[in-house]
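In this note's numbering, the protein residues as written are 766 to 1142.
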Amino acid sequence: MKKNRIIQMIICIISFVLLSCDKTPVGYNELERDISEATFIELRTNERYCYGKYIPLGVASNMVLGKNDNYEARILMQFPLGDSLLDSVQTVKLILYPKVHKDIGFKIHPVIKSSEWRQSFATWIRMDENVPWLTDGGDYYPTVLAETTLTQDSIVIELPRNKLDTLVNHANGIILIPDNTVSDFALIHSREKVPKITYQYYNSTAIYTFSASERCHILDTTNLDLGMFDYWVGSGFTYRTLLRFPVKESLPANVTIAYAELLLPVAHEFSILDTMQVGVKKILDSLPFGMSTRFADYFWARADYVLRTDSLIVIDVRNIVQFWNKFNGTQNRPDSCYGILVSNYPEEYGLSRLQLKTSAPGIRLKIGYINPPKGRF
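Written out as structure tokens, the structure reads:
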């Protein structure tokens, strides 16, 4: 009897110990911890760099036309025009669909036949991926096909019939060039409403329509010099700012990133639209920054910016910092903790530029992290 009581007491003690143990998965209690327990640090950059670059703009949904003291935007278009019965054509019309219309005066010239430009690669300085224009801004004949002003939601421009042979057989499309008196920009539909050329023949009511097969805008900067200590982000003519922070030296091992924000104060702004997005990409190598610095193809995070209202861009980069911390110092991760590239999202859309403020408090990375729990029982 006494022996049975001893056995029962042992069983009770063992059961009590087992029931008292924390049987939740490892790290579960850490997830339940409040962010108020986090330790916050604020990091300044230990390396930064900025550069401007011509990029192809053929993927943009809208084309930019216009100019001001700092930029000029021209439009290139090709049409699969038929060359039969040209003598029977009575009228030739170019139809454009402005998305944002302004009073933009412009001229239309035929592009030189030998200039085999492509929308996927054309920029202000190149007609194709590795082929420069003979003259920056496009190669075109001095012949003026039409001169008009963009003033409404759709515009029909009659082209001279006696120039149709030049347009069809001796040119490689047309180029729209803003007048020197212009000081504004318009957006013209490129995808949703494709520019068109129409034929109407004598003694016929039928309209033959040719949609643009290639179309893009090309853009240049004028009187706009990037200073040695200027840091900009921009679209159209893209500006990219590269930032590196001492994350590896500042974060303890095995912490959980509860919060991370990239803070970008804005000093000056310009855009033809009222809002824009700014995004970040991971940098893929540890070499000193330069124009050849490699970076990821896609944006990891982005944030909206409203002109004339906002003065600070705040981008949630918690996933990036957590990724950096996880692979900190890991040799087989070439994208670990090497910094971020900041630019407009997407770079091809519209025309904008933000200058980042570097004076105090300046560009900074704010991180909140939670240390691993000290014990399990």
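Beta carbons are placed, not taken as given, at the ideal position from N, Cα and C, and that holds for glycine.
Computed from a predicted structure; not experimentally measured.
Checklist entry - Under 9 Å, do Val-876 and Tyr-906 count as touching if we go by C-beta distance? => result yes
Checklist entry - By a C-beta neighbour count over all protein chains shown, 10 Å radius and 16 as the cutoff for buried, is Phe-805 buried or exposed? => result exposed
Checklist entry - In whole angstroms, what separates the C-alpha of Ile-983 from that of Pro-1137? => result 53 Å
Next on the checklist: Let me confirm a value: Glu-923 is counted as buried when at least 16 other C-beta atoms fall within 10 Å, else exposed. Which label applies?
Outcome noted: exposed
Item to check | Reference Val-1012; option with closest CA among Ser-1000, Leu-1027, Gly-999 and Phe-1002 | outcome: Leu-1027
Checklist entry - Excluding sequence positions up to five away, which residues of its chain have a Cβ less than 7 Å from the Cβ of Leu-941? => result Leu-830, Arg-839, Ile-840, Phe-871 and Ile-873
Next on the checklist: Are there any heavy atoms of the ligand ATP lying less than 8 Å away from the beta-carbon of Arg-883, as far as the coordinates show?
Outcome noted: Absence of the ligand ATP is noted for the structure shown, with no ligands found whatsoever.
Checklist entry - Asn-822: buried (16+ other C-beta within 10 angstroms of its C-beta) or exposed? => result The sequence as given places Leu at residue 822; Asn does not occur at that position. It is buried - the Cβ of Leu-822 has at least 16 other Cβ atoms within 10 Å.
Item to check | Contained beta strand (DSSP E) runs [length at least 3] in the stretch 1114-1142, N- to C-terminal order | outcome: 1117-1121 and 1129-1135
Next on the checklist: Given this structure, state the Cα-to-Cα distance separating Met-1041 from Asn-988, to the nearest angstrom.
Outcome noted: 23 Å
Item to check | Nearest-angstrom Cα separation, counted from Leu-1106 out to Ala-1061 | outcome: 9 Å
Item to check | Extent of the continuous alpha helix (DSSP H) run through Asp-930 | outcome: 929-934
Next on the checklist: Please give me, in chain order, every unbroken run of the alpha helix (DSSP H) with length at least 4 that falls completely inside the stretch 997-1076.
Outcome noted: 1012-1015
Next on the checklist: Excluding the 5 residues flanking Ala-803 on each side, which residues of the same chain have their C-beta closer than 8 Å to its C-beta?
Outcome noted: Ala-1023, Tyr-1024, Gly-1133, Tyr-1134 and Ile-1135
Checklist entry - Taking buried to mean at least 16 other C-beta atoms within 10 Å of its own C-beta, is Val-909 buried or exposed? => result exposed
Item to check | Selected residue, minimal CA-CA separation from Lys-867, among Leu-1052, Val-824 and Pro-943 | outcome: Pro-943
Item to check | Inter-residue spacing [alpha-carbon to alpha-carbon] between Arg-813 and Ile-1128 | outcome: 10 Å
Checklist entry - Where DSSP assigns a beta bridge to Leu-861, which residues make up the other side? => result Ile-920
Checklist entry - Beta carbon of Gln-843, beta carbon of Arg-926: below 9 Å? => result no
Checklist entry - When you compare only the Cα positions, how much space is there between Val-824 and Asn-1019? => result 43 Å
Checklist entry - In chain order, what residues of the same chain lie with their CB nearer than 8 Å to the CB of Val-782, ignoring the 5 residues before and after it? => result Unreliable placement is indicated for Val-782, whose pLDDT of 45 sits below 50; no coordinate value is reported for it.
Checklist entry - Are Ser-919 and Tyr-862 touching if we call contact CB-CB under 9 Å? => result yes
Item to check | Inter-residue spacing [alpha-carbon to alpha-carbon] between Leu-1072 and Asn-833 | outcome: 19 Å
Checklist entry - Are Ile-1085 and Lys-1047 closer than 9 Å when you measure CB to CB? => result yes
Item to check | Inter-residue spacing [alpha-carbon to alpha-carbon] between Ala-911 and Asn-945 | outcome: 16 Å
Next on the checklist: Given a cut-off of 9 Å on the beta-carbon distance, is the pair Val-921 and Leu-859 in contact?
Outcome noted: yes
Checklist entry - Ordered along the chain, which non-local residues of its own chain (more than five positions away) have a Cβ less than 7 Å from that of Ser-1124? => result none
Checklist entry - What are the partner residues of Lys-961, as DSSP defines its beta bridges? => result Ile-860 and Ser-976
Next on the checklist: By alpha-carbon positions, which one of Tyr-1070, Asp-848, Leu-1029 and Gln-884 ends up nearest to Cys-1113?
Outcome noted: Here residue 1113 is Glu; the residue named in the question, Cys, does not match the sequence. Comparing Cα-Cα distances from Glu-1113 to each of Tyr-1070, Asp-848, Leu-1029 and Gln-884, the minimum goes to Gln-884.
Item to check | Member of Ser-849, Asn-827 and Pro-1111 whose CA lies at the smallest distance from the CA of Tyr-964 | outcome: Ser-849
Checklist entry - What residues match up with Leu-941 in a beta bridge as DSSP calls it? => result Ile-840 and Ile-873
Checklist entry - beta strand (DSSP E) containing Lys-832: first to last residue? => result 827-832
Next on the checklist: Out of His-954, Gly-938, Met-892 and Trp-1065, which one is the CA nearest neighbour of Gln-917?
Outcome noted: His-954
Item to check | Classification of Phe-1010 by the beta-carbon crowding that lies within 10 angstroms, buried from 16 upward | outcome: buried
Item to check | Own chain, CB closer than 8 Å to Gly-938, minus 5 neighbours either side, in chain order | outcome: Leu-841, Met-842, Gln-843, Phe-844, Pro-875, Val-876, Trp-882 and Glu-979
Next on the checklist: Can you tell me whether Asp-930 is buried or exposed? The criterion is at least 16 other CB atoms within 10 Å of its CB, across all chains shown.
Outcome noted: exposed
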